[in-house]
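Have a look at the structure below before the remarks.
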Amino acid sequence: MRRVFVVGVGMTPFVKIGSREWTYPEMVSAAVGAALGDAGIGYDRIQRAAAGYVFQPSAAGQRTLYDVGLTGIPIVNVNNNCATGSTALMLAREWVGAGLAEVTLAVGFEQMTKEAMAGSGAAPKVTTIDAHLKAMAGQFEFGTSPMTTQFFGNAAIEHMRRYGTTVEQLAAVAVKNHQHSTRNPLAQFRDPYTLAQVLGDRPVHGPLTRSQCSPMSDGAAAAVIASEDFVAAHGLEAQAVEILAQELVTDDASAFGSGSMIDVVGAPMTRAAARKVFDSAGIGVDDVDVIELHDCFSINELITYEALGLCAPGESGALVESGATGYGGQWVVNPSGGLISKGHPLGATGLAQAAELSWQLRGLARERQVPGARIGLAHNLGLGGACVVTAYAAPAGAAQN
Numbered sequence: 147m148r149r150v151f152v153v154g155v156g157m158t159p160f161v162k163i164g165s166r167e168w169t170y171p172e173m174v175s176a177a178v179g180a181a182l183g184d185a186g187i188g189y190d191r192i193q194r195a196a197a198g199y200v201f202q203p204s205a206a207g208q209r210t211l212y213d214v215g216l217t218g219i220p221i222v223n224v225n226n227n228c229a230t231g232s233t234a235l236m237l238a239r240e241w242v243g244a245g246l247a248e249v250t251l252a253v254g255f256e257q258m259t260k261e262a263m264a265g266s267g268a269a270p271k272v273t274t275i276d277a278h279l280k281a282m283a284g285q286f287e288f289g290t291s292p293m294t295t296q297f298f299g300n301a302a303i304e305h306m307r308r309y310g311t312t313v314e315q316l317a318a319v320a321v322k323n324h325q326h327s328t329r330n331p332l333a334q335f336r337d338p339y340t341l342a343q344v345l346g347d348r349p350v351h352g353p354l355t356r357s358q359c360s361p362m363s364d365g366a367a368a369a370v371i372a373s374e375d376f377v378a379a380h381g382l383e384a385q386a387v388e389i390l391a392q393e394l395v396t397d398d399a400s401a402f403g404s405g406s407m408i409d410v411v412g413a414p415m416t417r418a419a420a421r422k423v424f425d426s427a428g429i430g431v432d433d434v435d436v437i438e439l440h441d442c443f444s445i446n447e448l449i450t451y452e453a454l455g456l457c458a459p460g461e462s463g464a465l466v467e468s469g470a471t472g473y474g475g476q477w478v479v480n481p482s483g484g485l486i487s488k489g490h491p492l493g494a495t496g497l498a499q500a501a502e503l504s505w506q507l508r509g510l511a512r513e514r515q516v517p518g519a520r521i522g523l524a525h526n527l528g529l530g531g532a533c534v535v536t537a538y539a540a541p542a543g544a545a546q547n
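First residue of the sequence shown: 147, per my numbering; consecutive thereafter.
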């Protein structure tokens with residue numbers, strides 16, 4: 147497999163659904179245009195494209211990219227639930243890595259609706275989360291909140307019972323990420339929250355309050371992926387962020403056989419993907435400087451700390467309270483504000499993570515720049531299920547940021 151680089155990124159602001167008059171082709175054109183401009187190339191140079199979304203119509207990838215250019219290239223539509231954006235990135239990387247193309251495009255987008263998230267009509271006989279529902283049914287009564295909220299809220303209850311995690315530690319995740327987003331002009335939420343405000347916010351399910359949950363969002367993000375030869379031929383070495391390793395895994399039997407809601411919401415997938423990435427890249431978690439992880443709910447950031455190896459099981463609450471995952475700590479986790487505060491347009495999230503880490507590793511993150519960032523890690527999770535973990539390295543010739 148050849149070396150592969152991210153040479154251009156772009157994204158729109160992430161905004162509250164329905165708050166901005168735009169169409170999803172318009173948001174894709176903006177994100178792709180920014181990524182192409184960053185790479186210094188035209189759309190006519192792109193040889194293949196992967197377009198990720200969850201709720202738009204079939205073949206929406208073609209519809210959106212036709213507005214960018216009608217060049218006849220292969221366009222593959224991707225849907226892998228909340229891991230869609232990173233799955234599109236993986237396809238674009240594999241095409242280049244395998245020698246099928248020299249330069250490719252990955253784009254993710256979403257124009258969400260409350261109806262799409264809630265579902266409509268009678269429940270189908272078969273759903274994508276049958277195994278998750280069966281595992282939860284044996285331990286918890288079903289509530290009235292959205293099902294994903296119940297899955298993660300019940301995982302929080304289990305974490306508290308098993309390890310003594312406190313509501314203050316859960317809330318500390320939201321405080322940190324909302325604080326980080328005050329520095330991000332593209333984030334959906336820009337206001338800081340105190341611990342008292344997070345704890346006193348509207349209850350959602352279990353110990354989770356509204357400000358500990360990712361919102362419904364509209365937005366798009368894109369990345370241009372290139373080979374080492376393309377980078378050299380176009381003088382892009384100073385901005386070429388290398389994808390050191392990337393792994394996509396799905397649920398195995400351990401997710402539903404342990405009786406643990408922590409496992410149901412994806413901890414085994416994260417552990418497996420992270421282990422493969424670290425082995426492939428020849429690095430450890432202590433080598434990582436900056437992390438964008440899938441904090442769809444505050445509890446998932448704590449679960450992911452443990453699954454990635456930032457701390458031992460049960461120690462994540464103390465870790466976030468210690469400041470180790472904020473500015474000045476060993477790792478800066480979710481400098482963008484994460485899903486909780488930056489926003490979570492499902493198909494765009496994984497590529498927004500790629501954009502943030504590219505900016506960080508190129509020293510372009512401005513007020514939220516992580517000093518000296520050389521290695522970045524992205525974690526993108528989708529129930530039902532998929533997990534993508536990606537390791538990135540700063541451009542070889544880049545100055546220390």
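From the three backbone atoms N, C-alpha and C, an ideal C-beta is built for every residue, glycine too. It should be emphasised that the depicted structure is a prediction, and the values quoted were computed from it without experimental measurement.
Alpha-carbon to alpha-carbon, residue j and residue i
i: Thr294; j: Val152; result: 32 Å
i: Ala378; j: Asp435; result: 27 Å
i: His324; j: Asp347; result: 14 Å
i: Ser266; j: Gln257; result: Unreliable placement is indicated for Ser266, whose pLDDT of 46 sits below 50; no coordinate value is reported for it.
i: Arg191; j: Ser462; result: 45 Å
i: Val423; j: Arg417; result: 10 Å
i: Gly207; j: Thr311; result: 43 Å
i: Val200; j: Gly531; result: 14 Å
i: Val161; j: Ala244; result: 36 Å
i: Leu345; j: Met306; result: 15 Å
i: Phe286; j: Ala185; result: 50 Å
i: Ala296; j: Glu304; result: Contrary to the premise, residue 296 reads as Gln rather than Ala in this sequence. In a straight line, the C-alpha of Gln296 is about 12 Å away from that of Glu304.
i: Met415; j: Gln392; result: 13 Å
DSSP-derived helix/strand/coil call for residue i
i: Asp398; result: coil
i: Cys518; result: Rather than Cys, the amino acid found at residue 518 in this sequence is Gly. Correct three-state label for Gly518: coil.
i: Pro171; result: helix
i: Gly267; result: Confidence at Gly267 is low in this model, with a pLDDT of 49, below 50, so the placement of that residue should be treated as unreliable; the coordinate-derived value is given next. Three-state result, Gly267: coil.
i: Met236; result: helix
i: Pro159; result: coil
i: Ala542; result: coil
i: Val434; result: coil
i: Asn526; result: strand
i: His351; result: strand
i: Gln98; result: Any answer about residue 98 is impossible in this case: the structure gives the chain only from 147 up to 547.
Residue(s) in a DSSP beta bridge with residue i
i: Gln392; result: Thr536
i: Arg194; result: Thr250
i: Ala229; result: BP columns for Ala229 are empty, so no partner.
i: Ile187; result: Paired residues: none, contrary to the question.
i: Ile221; result: Ala195
i: Cys359; result: Phe443
Sub-8 Å separation of residue i and residue j beta-carbons
i: Phe298; j: Val411; result: yes
i: Ala195; j: Leu251; result: yes
i: Leu182; j: Val370; result: yes
i: Met236; j: Ala366; result: no
i: Lys322; j: Gly489; result: no
i: Ser373; j: Glu240; result: no
i: Pro349; j: Thr355; result: yes
i: Gly289; j: His380; result: no
i: Leu448; j: Ala420; result: no
i: Ala540; j: Leu523; result: no
i: Ile163; j: Asp364; result: yes
Cβ-heavy atom distance, residue i to the ligand FMN, below 7 Å
i: Val423; result: Here there are no bound small molecules, and the ligand FMN is not part of this structure.
| said: Check whether the stretch 420 to 435 and the stretch 269 to 278 are in contact - that is, three or more C-beta pairs closer than 8 Å. | reply: no
| query | Quick one: any contact between the stretch 225 to 240 and the stretch 485 to 496, if contact means 3 or more CB pairs under 8 Å? | reply | yes
| Per the contact definition of three or more C-beta pairs closer than 8 Å, is the stretch 482 to 489 in contact with the stretch 346 to 361? | yes
| request: Check whether the stretch 166 to 179 touches the stretch 504 to 518, counting contact only when three or more Cβ pairs, one atom from each stretch, lie closer than 8 Å. | output: no
| Any 3 or more C-beta pairs closer than 8 Å across the stretch 386 to 402 and the stretch 451 to 461 | no
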